[in-house]
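Have a look at the structure below before the remarks.
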Amino acid sequence: MSKRSEQTTGLPKRTPTKSAKEAGDSGRRTPRLLGEYRTRHEREAAMQRLILMVVGIVGALTVLLVAFALINDQVLAPRQAVAEVNGETITVGDFERRVRLERTLLNEQLTNAYYTYLAFGASDQDAQQALTQNPVTSNIISEMQVPDQLGNRVLNDMIDDTVIRQQAQSMGITVSDEQVQERIRQFFGYDPNEGLYTATPSPTTTASPTPFITATPSPIPTETSTPTTTPTPEITATPSVTPQATATATSTPDAATREAVFNTTRQDFFSYVTTASQLNDGDVQAYFEAAALRDAVQEQVTADQAHTATYVNVRHILVATEAQAQDVLEALQSGESVSTDTSNAGNGGELGWAPLSRYVTEFADATRDAEIGAFVGPVQTEFGYHILQVRAREDREMSDSDFEQAKARTFQDWLDGVRADESESIQIFDTWIDNVPTDPPLQLRALS
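At position 416 of the sequence shown the residue is numbered 1438 (the numbering used here), and the sequence of numbers has no breaks.
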């Protein structure tokens, strides 16, 4: 029989001593099971902590997204390139500022034209209708309503300005502050030395650094100055004035008065433009500086421009297709009288005397080489197909306006040639398409 170890004393039994490992294991916290019961207070506290955590994460992400959007909109996007010209970058910010300025000036052109029509006695409705029918103001309205059209034109103007500035540097041409101020005075039609002050600039002054956007007449290749029964004022981006200011004859103001009027008008105009376009005076000043530099470069490029030119007395018939033009030519050569062109129906297709530079290239080339009295064609231009007859041709001394137009054509040909030569160094990026401002909106400004 085996012996058992039994306690023989009357003391309580000794509790067996645990090893250190066993003691450590028993001291660990038993993990709480998922299904373990928790009080309502514990559950609500846990849910509150979870909600606060989610809200904090969402808030942090929102702040980051807003911060990124602001940085992208205010810092990154404006620094993106819309074009590069010989290593010089035109940024989105530069482009947006220029578009806003152009939109403001275009609104001013429309406003000036509108009130000029009113000064000629037109009603409000007739004046607004005239804006849509006049080729110049109609094109302005189109540009204001089609952002891509205006954006494309402005971007090319900015590229031209950059090319001109780079060429000016290579030619050693600079402009002084006085030349810039003179350009501003020309913009307002103000001559401090002679003549009356008028709020409408002279016909040779425009608001754009590229005063002759195209050298081709519209809608047919004929003289742009042909008089019509409806008065068509010169449309310029000058600050609008009340019609009475120019319609009523007054005595000649003295120099001090004219200067005061000019300074007030200029200040009001700059204030309006900077407010409407969200720019500052420096931006507007830079616009006129580019215009002055363009004038200076043009003067040097056209320094040898001849004052005489070939003038032609021509008549034509314009049709839509080459086949129609061929039929018209054969009919005329057979002695028939034919005309399907209604654009010059009032004067039998007669374009009268004009310098060759007044016409589109194809039309000018044909009239330059045509035999006097012969029917020539078909001649294709952007307007259609022409059958023409040169009635006379001779060299003449150009009028001042024709001479200025000839200089502008020569300069534009030079600029086109420079851009063609540097085409590989000029890049246009698609980023401009999504960054054409639509403000300020198309509107006529009320006059005080």
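All C-beta atoms, glycine included, are put in the ideal place defined by N, C-alpha and C.
Since the model is a prediction, treat every value here as computed from it, not as a measurement.
With DSSP run on the structure shown, which of helix, strand or coil describes residue i?
i	result
VAL1168	coil
VAL1077	helix
ARG1060	coil
ALA1468	coil
PHE1405	coil
PRO1459	coil
ILE1485	Shown here, the chain extends from 1023 to 1470; a query on residue 1485 therefore has no answer.
PHE1532	Shown here, the chain extends from 1023 to 1470; a query on residue 1532 therefore has no answer.
GLN1155	helix
GLY1304	helix
PHE1397	strand
GLY1143	coil
GLU1066	helix
ILE1206	helix
GLY1439	helix
VAL1185	helix
GLY1173	helix
THR1196	coil
ARG1130	The sequence as given places Glu at residue 1130; Arg does not occur at that position. GLU1130 falls in the helix class under three-state DSSP.
GLY1368	Summary for GLY1368: the model assigns pLDDT 46, below 50, so the residue's position carries little reliability; its value from the coordinates is reported in the next sentence. DSSP places GLY1368 in helix when its eight states are reduced to three.
TYR1309	helix
ASP1148	helix
LEU1354	helix
ASP1276	coil
GLU1444	coil
GLN1213	Here residue 1213 turns out to be Asp, not Gln, going by the sequence shown. Of the three classes helix, strand and coil, the one that applies to ASP1213 here is coil, per DSSP.
VAL1319	helix
VAL1088	helix
THR1389	helix
TYR1480	Residue 1480 is absent from the model: the chain starts at 1023 and stops at 1470.
VAL1283	helix
THR1324	coil
VAL1121	helix
Considering only residues of the same chain and omitting the five flanking positions on each side of residue i, which have a CB-CB separation below 8 Å?
i	result
THR1272	A caution first: THR1272 carries a pLDDT of 48, below 50, which makes its placement in the model too unreliable to give a value.
MET1180	ALA1105, ILE1112, ASP1116, PHE1117, ARG1120
TYR1333	TRP1375, ALA1376, PRO1377, LEU1378, ARG1415, GLU1416, ASP1417, ARG1418
ALA1394	Rather than Ala, the amino acid found at residue 1394 in this sequence is Ile. Around ILE1394: VAL1412, ARG1413, ALA1414, ARG1415.
GLU1110	THR1184, GLN1188
PRO1462	ARG1122, ARG1125, THR1126, ASN1129, ALA1298, SER1299
GLN1167	LEU1464
GLN1327	PHE1425, ALA1428, LYS1429, THR1432
MET1069	none
GLU1384	VAL1401, GLN1402, THR1403
Run through the DSSP bridge pairs and tell me what residue i is partnered with.
i	result
GLY1374	VAL1336
THR1330	GLU1419
ALA1105	ILE1112, ILE1450
VAL1341	TYR1407
PHE1425	In DSSP, PHE1425 forms no bridge with anything.
PHE1291	Bridge partners of PHE1291: none, in fact.
ALA1414	ASN1335
So is the beta-carbon of residue i under 6 Å away from any non-hydrogen atom of the ligand FMN?
i	result
PHE1209	What this structure holds is no ligand at all, so the ligand FMN is not there to describe.
Counting only the same chain and skipping the five closest in sequence on each side, list residues whose C-beta sits under 7 Å from that of residue i.
i	result
ASP1317	ARG1205
ARG1390	THR1332, LEU1378
GLU1281	PRO1214
VAL1440	VAL1185, GLN1189
LEU1466	LEU1132, THR1133, TYR1136
TRP1512	Residue coverage of the chain in this structure runs from 1023 to 1470, which leaves residue 1512 outside it and unanswerable.
ASP1170	ILE1455, VAL1458
Kindly list the residues whose CB is nearer than 6 Å to the CB of residue i, restricted to its own chain and excluding five residues on each side of it in sequence; keep chain order.
i	result
VAL1336	LEU1373, THR1389, LEU1410, VAL1412
ALA1149	TYR1136, TYR1139, LEU1140
Contact between the region 1341-1352 and the region 1397-1408 (3+ Cβ pairs under 8 Å): yes
Validate contact between the region 1290-1302 and the region 1117-1124 using beta carbons, cut 8 Å, 3 pairs: yes
Stretch-stretch touch, CB-based, cutoff 8 Å, three pairs: the region 1147-1164 with the region 1185-1194: no
Three CB pairs or more closer than 8 Å across the region 1417-1435 and the region 1127-1147: no
Any 3 or more C-beta pairs closer than 8 Å across the region 1306-1315 and the region 1194-1212: With the cut-off at 8 Å, the region 1306-1315 and the region 1194-1212 touch.
Cβ pair count under 8 Å reaching 3, the region 1344-1355 against the region 1394-1403: Here the region 1344-1355 makes contact with the region 1394-1403; the two share three or more CB pairs at distances below 8 Å.
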